[in-house]
Amino acid sequence: MISSRKRSLNIPQSQRLKGFWLLVFGILFLSNTHLQAQYYNTGVENSSIKWRQINTPKFQIIYPDFYETKAQEFASVLDTLYGVIGKSLNTIPPKVPFLLHTNTAYYNGLSVWAPKRIELWTTSSPTNYPYPWSWQLAIHEWRHSVQVYALKHGAAKTLINIFGEHIYGILLAAYIPTWFLEGDAVVAETALTPTGRGKTPDFNMYFKAQTLEKGAYNYDKALLGSMKDYVPDSYIFGYHLASFGRELYGKDIWAYMLENVGRNFWKIQTFGHSQKKGFNIKTQRLYNQMMDTLSKRWEEEDRKNIETRDSLTHIKKLGKLKRYYTNYSSPKQINDSTIIAIKTSNFKPSKLVSLTLNDEEDILSPGRILHSYIDAKDNHLLWSELKSHYRWEHENYSDIFEYNIETKTYNQITFNKRYYTPAYNPNNLNIIAAIEDDSINNQHLVIIDKTKGEIIKRLPNQDPYSKFSYPCWSQDNSEIYLIKSNQYGKSIVKYRINDNNIQTTIIHPSFRNISKPLHYKDRLFFIGHYDNTYQVYSIDLKDTSSTLTQHTQSRFGVMDFIIFNDSLVLSDYSAGGKTITYQRLIDFKKISLGSPSISFPQADIITKQEDFIFSEEHIKDTLWESKKYNKLSLLFHFHSWAPLYINAQSQDINMGVSAFSQNLLGTSVFEGGFKYIYADKRDEYFVNYTYSGFYPIIKASFKYGQRNIVFDTLYNSDFYATWDEYNTAFSIDFPYSWSDKNWFKEARYSVLYSYRNISPRYNFNESLTLFHTIGFGLQWSAIRAMANNDITPTLGQTFSLRVQKSITTDNANIIAINSSSYIPSLFLNHSIGLDIGFQKNTPTIYYFPNEVAFTSGVIGKFPSTYYGGKISYNMPLAYPDYAIWKLLYIKRVFSRGFFDFGYFDKEYLSSVGVDLKMNFHIFRIEQELQFGVRIGYVTQLKDVFANILFNINI
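Residues in the sequence shown are numbered consecutively from -18, following this note's numbering.
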């Protein structure tokens, strides 16, 4: 009985009112994280889209008007989930707007709380587990909303009612760990469905390999990650920890913890307490218990197969010995000795490489290859590549690209389409099979003429829930096999190209995850999990009985494979990543297709706790009322205010008041506030508004406050001026962005206008109290793709120009030019920076805010003309993964040496110095921080300077 495993812990009552000022400091400190992460705009849709909505007491769905049928189906899914999604958190799900992005090749979900909404990218990925993608998204993302809403108790409820939705964000940042948020959502999708990530080998494979080959990491490293080693992410780590907690203490354990945070957050208790139920769960202790349990379970599983694995003496590994975690995916054989694969790691950008027995050679740095999948034929490589729209962030494509290894030519075959997992016809290099996805997420198998980039045949898909992936030609090119996924699971089907396009089922649907079919000698091979790891299986196409043959006995799992001359070429997973190996094609054992599903113990327990499996039979066929979503009338949506000055554009927090509005489409953003600067005894007000629903982005701002300047004149006497300034500004931006192979490029042109009303206080040019300015700006950039561990780009160029002048007799103006060059070093993740800047200003008339960074260490200068440069060298020093109790966890230490120089009018000033920084976490909070010190020396002034450097990495 599961209930017999529950444990109850009695703890003394927490001291009341302790640490009140610590809480205030913590909220102020974490507000910057909340500011960036919660006031989050994912981008905008094409302005031509007309929107509709289904608005019920339980939920709201906002979607393009051409998506009506799918939106109706999705509404019925949400209506069914409403009664079960929050049950184990003792919370009725809140009414949340669901915003559907359908014009995309991107697939994801996002739950945000300021403003409150769930955004879903509805295109299905071929790598998904066997379940409808929209159902998975609904469960996972709505569970996030339930988690947040479960905090609305006691003191938290009062603050939320007063200050608005961003209080949720502050509580999440301060108290609720990411591992729980993501892990509990994966628990929900696993427990409420016949599949889910917890019931696939993926979520065991990464943890299992690390544990058996490297041992369990300490709690800090497991929780906070590493930039050196692979550490299972918050989804994998969180799923295991959240489900293990339910296994020990019952399904309601996390409901108690969330309620306690809402009621008692002011007592500064860490997540894991429940005064109501007397719980005090130390997550470090829970982690150690979990790893002890999982280690024993996995060691026992491992021992069962050790003899079979040890007998495989003919396995050969390709390539060089890896120094760090590296993945080689999608191997393709191009001759007797050479394999092509996709190589990825934290230390280098993604590349296509050729592998031989003891060597490796870079072939190409491609664009963003989708699904880590390529095909090959006759020295040609083929893949789908993600291409973004030049303006609309939520409109992107998956086009087919080809690379000729011999001629080194990179060719785009299709334009502004959505094709996935393309495959060459084995007998005709110019014919390609691929999966097509349209804007209403219907998928079809298509055959494309490569020379024209056009579809020559589209094969039907009658089931709107069915998604296709990994088309595979028969060796005589008369048939195409592919994976079909829907509400009944995954199956393998066949199309005969010239036989009225009839679809025939080869392997019937089940909730076992299968992928990547390959036809070879009258058998169909594929990857599947008929035990608790991914292995290569095959079925005899001449006798499609209920028997499969297993051909591999991988310790942790086979992720990709091909067959060449009766040998298997595998992408085989281990703790060091995916490795390319050879082994003979042999038969290990026979497997019955009707054999019982493999059990995952933790998944079984949480499934029994929920006592509900969401399937098609629970969905009612309902016609929901829909109506037009009026973009104009819903332009403003005020969601939060704060008794603090918070300027999201400038990342500034101070004493004052602020309010925020953002419409659900993300096209209209307003923020306004008042700031009191205590040190200067002065006030400052601001209003910012941005509208991005048209091609040009329109911005308007208002700012009122006191300004002053102090500097030395040419006659060695101080000049001081102070004034009050009303500044109203308008700008129109014309952005354009695109990608070219592994380069990301952007151009932005701006038209500027401002109106300034000045009230002189002291020594100000009183003839210039009311003036208008006009101007323009441009920004260009070209940056090569970076590795995760690159400190700055290793190759690239940026350039900006800004010109602004007053329309007055006394000409106040500014001209600013910035140029930054990024140059690669000889060493891994090192880079050289070269910055050049020029600025011309009018300090004795009106001094515009600086647009150029001056020489480091030089302050109090307001030159008429400045030009100078900066040379820097960035390098990592160490990846210690070192914890100092619960206070500090250091991931990386790195440095930046610099030499700056500049002419301030005619005065030459230079400085030299070094920045020493580290990536770290404090108090086991999962938000990564960056802290450092800058020490430098201004040579001409003989002045040593030091600065504190701080940044929050979002």
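Glycine included, each C-beta is placed from N, C-alpha and C at the ideal position. This structure is a prediction, so every number in the text was calculated from the model and none was measured.
Taking DSSP as the reference, what is the three-state secondary structure of residue i?
i	result
Asn928	strand
Met272	helix
Lys76	coil
Met540	strand
Thr171	helix
Ser(-16)	With a pLDDT of 32 at Ser(-16), under the threshold of 50, the modelled position of that residue is not reliable, and no figure is offered here.
Met208	coil
Val25	coil
Glu374	coil
Tyr306	coil
Val914	strand
Ala415	strand
Glu54	helix
Leu625	strand
Lys285	helix
Pro774	coil
Trp605	coil
Phe47	helix
Met186	helix
Who does residue i pair with in a DSSP beta bridge?
i	result
Lys329	The partner list for Lys329 (beta bridge, DSSP) is empty, contrary to what the question assumes.
Ser740	Asp705
Gly243	Paired residue(s): none; Gly243 is not in a bridge.
Leu782	Leu759, Ile798
Gly654	Ser639, Phe667
Quick check: what's the CA-CA separation for residue i versus residue j?
i	j	result
Pro182	Leu80	31 Å
Ala768	Ser224	33 Å
Gly145	Gly653	15 Å
Met540	Arg278	23 Å
Ala18	Lys263	With a pLDDT of 39 at Ala18, under the threshold of 50, the predicted position of this residue should be treated as unreliable, and no value is reported.
Thr402	Lys497	10 Å
Arg349	Gln424	22 Å
Pro96	Leu205	28 Å
Gly913	Asp46	51 Å
Pro158	Met238	12 Å
Tyr230	Ala236	11 Å
Gly150	Trp94	7 Å
Ser802	Val65	55 Å
Leaving out five residues on either side along the sequence, give the residues of the same chain with a beta carbon under 8 Å from the beta carbon of residue i.
i	result
Leu625	Leu9, Ser12, Ile634, Asn635, Met636, Gly637, Val638, Ser639
Ser576	Tyr511
His361	Glu383, Tyr384, Asn385, Ile386, Tyr405, Leu410
Ile43	Trp32, Arg33, Gln34, Pro78, Phe79, Leu80, Leu81, Tyr610, Leu645, Leu646
Closest to residue i by C-alpha separation, out of the options, would be which residue?
i	options	result
Phe835	Ser853, Phe885, Tyr401	Phe885
Tyr734	Tyr870, Asp714, Asn831, Gly878	Asp714
Ala52	Tyr63, Lys358, Asn36, Tyr863	Asn36
Val833	Phe808, Ile804, Phe882	Phe882
Ile381	Thr395, Thr104, Tyr305	Thr395
Pro830	Gly850, Pro158, Val874, Val784	Val784
Tyr268	Glu228, Arg244, Asp233, Ile287	Glu228
Gly219	Thr319, Phe184, Gln191, Thr192	Phe184
Asp418	Ser450, Lys726, Ser580	Ser450
Lys465	Gln456, Tyr476, Ser447	Ser447
Val874	Tyr889, Leu897, Ser331	Leu897
Asp430	Ala414, Glu374, Asp444, Ser105	Ala414
Asp201	Trp866, Lys656, Arg663	Trp866
Ile679	Ala166, Tyr730, Gly538	Tyr730
His370	Ser740, Asp705, Tyr676	Tyr676
Spatial neighbours of residue i within its chain, please: C-beta separation below 7 Å, excluding the five flanking residues on both sides.
i	result
Ile73	Gly67
Ile600	Ser57, Val58, Thr61
Ser353	Ser310, Ser311, Ile323
Glu170	Gln117, Ile120, His121, Gly177, Arg178
Gly538	Pro182, Met186, Thr514, Tyr515, Tyr554
Whose C-beta lies closer than 6 Å to the C-beta of residue i among residues of the same chain, with five residues either side of it excluded?
i	result
Ile871	Pro861, Tyr863, Met899, Phe901
Asn697	Residue placement at Asn697 is poorly supported in this model, since its pLDDT is 47, which falls under 50; the coordinates still yield a value, given next. There are no such residues.
Arg877	Ser853, Asn855, Asp896
Leu140	Ile148
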